[in-house]
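Chains as they are written, first to last, in our numbering: chain A, 10 to 355; chain B, 10 to 355.
Glycine included, each C-beta is placed from N, C-alpha and C at the ideal position.
Report on one structure; see the data block that follows.
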DNA sequence: GCTCGGTTGGTGAGCGCTAACATCGGGCTC
DNA sequence: GAGCCCGATGTTAGCGCTCACCAACCGAGC
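Written out as structure tokens, the structure reads:
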């Protein structure tokens, strides 16, 4: 190791390049390139020599140089909103793993706001950086709008929401999830179901609201006015207090688990038993949901699958150089725990 | 010009390059380069012409080519473990924002396992990709070990834990956090404090355990045997059940909020009042903590600050080309909520 | 008139790699 | 054994950019 450092300082200041390896192995740099890229036209014996030379010199291929000449950087960009939240974070994780498997690198651009210009700016930055394709985790209406005006000369896939006319979209079937949650409550015997919705400009929130509404309409029951929150436990708490004051409320479908936690807390403070007096269903199935008080019935979204499915679609688009049909929607699953039961006897 | 376009029959299939811009503006490609890099030796009038030409042609600088010649990619790598967890996800978010501000891109490599070879492999992949420096979010002992043998020819910073002899480390003062949590409980009048620790191979877990132990020792009180979990709510629940059966337990310091949630749940099921009979303190202050039943007293870690501080350190190292002194530890803060109170009267 | 120094611009050489073609031996057909 | 093809390797030309120089050009000073 000592001699190693010395060489680093004095003798060979630069790292070895293909020509160095070739010289050492007694071949041309091109043969080295062939070995690296697994060309079949190299004699096994030569290949061995080259590999030995690479090892001896500690050769490391320069992917920047390769990217310049091939026009492919093997890098994909991901534009996302607040990667601190469980959903985006998990999706990103799934994307990353799938990218690794496919031999791609992921460069992220997390946004604080998901407005139109932020999204366009992020897409532009990533393009300049030379990514081969872009994944936009864009659940908001404004982002969708930005994507409508996205440049057409780079493969782009929207995750969870987007303008299907403009870009392929991969998403979870939110409506189906909302239907199963609402149906579950109705099936238990509740007269109707209240709804704590997500922000109106989130497509997921819109589709969950829609699913809820459709189910109530199909059952021919009264539709209470939905309450709108911002996904946070705090909002759930504030809205939950409102609901707790209304004795008619026996079942609530909350648009995500964090808000559901807030609702649970508010009900508890108001002295309303869950599920005895009020049943609550969430959405997402975050890892903590089974340990809420009481354990939360919720709709599980497979974010990992969502991420890897969208990544694979993007990789396919990069490979064939043109738009591909969108992947089928990922199906959510109702997980019944202890926060729901039959309505209290009147 | 026309003959030139023959190849480009279908209306310029290739994107414009510097030479194209130069031709259009009536200058050489070098002058275009000067404009882009803000050289002072360009007449304002010329600059205008070049900028206009760039806009007209929709010119986009090719950063791959630039990276090849400068040897700088303006990209930093982040190796992290399970970016689904709140801590790593928030840290990554802080890193990303700081990188954006500093003009860098972030490429992530999330690992499923944080063993030695995974870490080394990820570092190697990032190097090959041409990153200018690497950030390792490495709270585990094995990762630290890997870093001891990390290559010395690329700037590297360990976040939250690492071998200080080998690489600069930026971290939160875990010991101080554990001390303040334990002291808080002791100050309330509890005879002693139980501890639900994180996995033994996590440095954070070790330091929290140490802080707890030191505080008890300093107070001269009995040290109960710590229980060891895996950070999950499930583990907290299982361990919480054990604690709930021991009537002597009146105060518990749990190594993170998820496990604390499990403890809360287990106590609730066992009919033990919180905080009436048992006080519980967590660690992290996840956004949901204020809405637990009851709202959780916990130790807040400023992950955002942790991330940006480490990123800035790395950027400095890349800039000056040599190791820099580690940044000061980020101080955690005790947040008192409703899960702690004076011990029950005997 | 000349030199001189500063400003503004151009020229050529690479960064490390891959793609396309050229070359050079056999082993095969007939 | 002439002709041919094919497998293994070398040669050359860039990819788009920056860096180190060099060439005009300008007004100032003698």
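Backbone CA spacing between residue i and residue j [nearest angstrom]
{"i": "residue 26(B)", "j": "residue 108(A)", "result": "30 Å"}
{"i": "residue 217(B)", "j": "residue 334(B)", "result": "24 Å"}
{"i": "residue 92(A)", "j": "residue 96(B)", "result": "11 Å"}
{"i": "residue 131(A)", "j": "residue 138(A)", "result": "11 Å"}
{"i": "residue 235(A)", "j": "residue 301(A)", "result": "24 Å"}
{"i": "residue 308(B)", "j": "residue 86(A)", "result": "35 Å"}
{"i": "residue 187(A)", "j": "residue 327(A)", "result": "34 Å"}
{"i": "residue 141(A)", "j": "residue 115(A)", "result": "10 Å"}
{"i": "residue 196(B)", "j": "residue 146(B)", "result": "34 Å"}
{"i": "residue 64(B)", "j": "residue 40(B)", "result": "16 Å"}
{"i": "residue 336(A)", "j": "residue 343(A)", "result": "22 Å"}
{"i": "residue 122(B)", "j": "residue 211(A)", "result": "34 Å"}
{"i": "residue 184(A)", "j": "residue 207(A)", "result": "14 Å"}
{"i": "residue 112(B)", "j": "residue 268(A)", "result": "36 Å"}
{"i": "residue 353(B)", "j": "residue 260(A)", "result": "37 Å"}
{"i": "residue 80(B)", "j": "residue 222(B)", "result": "49 Å"}
{"i": "residue 329(A)", "j": "residue 322(B)", "result": "41 Å"}
{"i": "residue 178(B)", "j": "residue 229(B)", "result": "33 Å"}
{"i": "residue 340(B)", "j": "residue 273(B)", "result": "26 Å"}
{"i": "residue 347(A)", "j": "residue 303(A)", "result": "6 Å"}
{"i": "residue 50(A)", "j": "residue 84(A)", "result": "28 Å"}
Inter-residue CB distance, residue i and residue j (contact presumed, cutoff 8 Å)
{"i": "residue 143(A)", "j": "residue 88(A)", "result": "7 Å"}
{"i": "residue 258(A)", "j": "residue 203(A)", "result": "5 Å"}
{"i": "residue 148(A)", "j": "residue 169(A)", "result": "5 Å"}
{"i": "residue 191(B)", "j": "residue 224(B)", "result": "4 Å"}
{"i": "residue 310(B)", "j": "residue 166(B)", "result": "Not confirmed; about 18 Å, so no contact."}
{"i": "residue 350(B)", "j": "residue 289(B)", "result": "With 8 Å as the limit, residue 350(B) and residue 289(B) do not qualify as a contact, their Cβ atoms being about 10 Å apart."}
{"i": "residue 155(B)", "j": "residue 176(B)", "result": "Not a contact, Cβ separation roughly 11 Å."}
{"i": "residue 345(B)", "j": "residue 199(B)", "result": "At roughly 14 Å, the Cβ-Cβ gap does not stay under 8 Å, so residue 345(B) and residue 199(B) are not in contact."}
Contacts of residue i in chain B (Cβ-Cβ under 9 Å)
{"i": "residue 71(A)", "result": "77, 137, 139"}
{"i": "residue 314(A)", "result": "By Cβ distance, chain B contributes nothing, its closest Cβ being about 14 Å from residue 314(A), past 9 Å."}
Endpoints, beta strand (DSSP E) assigned at residue i
{"i": "residue 203(A)", "result": "203-206"}
{"i": "residue 77(B)", "result": "No beta strand (DSSP E) contains residue 77(B), which is instead part of the alpha helix (DSSP H) from 72-79."}
{"i": "residue 86(B)", "result": "84-90"}
{"i": "residue 189(A)", "result": "Run containing residue 189(A): none in the beta strand (DSSP E); it sits in the alpha helix (DSSP H), 183-196."}
{"i": "residue 307(B)", "result": "307-309"}
{"i": "residue 48(A)", "result": "Taken as a continuous stretch (DSSP letters only), residue 48(A) belongs to no beta strand (DSSP E), as it is neither H nor E."}
{"i": "residue 26(A)", "result": "No beta strand (DSSP E) holds residue 26(A); DSSP gives it neither H nor E."}
{"i": "residue 119(B)", "result": "114-120"}
Proximal chain A residues relative to residue i, where beta-carbon distance stays under 7 Å
{"i": "residue 98(B)", "result": "92, 93, 98"}
{"i": "residue 115(B)", "result": "116, 117"}
{"i": "residue 211(B)", "result": "Per Cβ cutoff of 7 Å: no residues; residue 211(B) is ~18 Å from chain A at best."}
{"i": "residue 101(B)", "result": "92"}
{"i": "residue 82(B)", "result": "73"}
{"i": "residue 246(B)", "result": "300"}
Neighbourhood of residue i by C-beta, 6 Å cutoff - its chain only, sequence neighbours within 5 removed
{"i": "residue 265(A)", "result": "240, 292, 293"}
{"i": "residue 119(B)", "result": "89, 92"}
{"i": "residue 76(B)", "result": "82"}
{"i": "residue 220(B)", "result": "184, 187, 188"}
Other residues of its chain near residue i: CB distance less than 7 Å, five sequence neighbours each side excluded
{"i": "residue 276(B)", "result": "249, 253, 283, 287"}
{"i": "residue 62(A)", "result": "30, 33, 34"}
{"i": "residue 5(A)", "result": "With chain A covering 10 to 355 only, the question about residue 5(A) has no answer from this structure."}
{"i": "residue 105(B)", "result": "115"}
{"i": "residue 28(B)", "result": "38"}
Neighbouring residues, chain B, relative to residue i (Cβ below 8 Å)
{"i": "residue 271(A)", "result": "300"}
{"i": "residue 242(A)", "result": "296, 297, 299, 300"}
{"i": "residue 105(A)", "result": "92, 117, 118, 119"}
Continuous alpha helix (DSSP H) stretch holding residue i: start and end
{"i": "residue 43(B)", "result": "38-45"}
{"i": "residue 349(B)", "result": "Segment: none, residue 349(B) is in no alpha helix (DSSP H) and carries neither H nor E."}
{"i": "residue 279(A)", "result": "Run containing residue 279(A): none; DSSP gives neither H nor E here."}
{"i": "residue 324(B)", "result": "312-329"}
{"i": "residue 292(A)", "result": "Premise fails: residue 292(A) is in no alpha helix (DSSP H) and is neither H nor E."}
{"i": "residue 212(A)", "result": "212-228"}
Close Cβ partners of residue i (< 8 Å) along its chain, the five nearest in sequence each way excluded
{"i": "residue 99(A)", "result": "312, 313, 316"}
{"i": "residue 243(B)", "result": "271"}
{"i": "residue 135(B)", "result": "86, 88, 116, 118, 143"}
Under 7 Å by beta carbon: chain B residues contacting residue i
{"i": "residue 127(A)", "result": "Here the premise fails: no neighbours, minimum Cβ distance about 11 Å."}
{"i": "residue 274(A)", "result": "300, 302"}
{"i": "residue 267(A)", "result": "297"}
Residues that residue i contacts on chain A, provided the C-beta gap is smaller than 8 Å
{"i": "residue 277(B)", "result": "302"}
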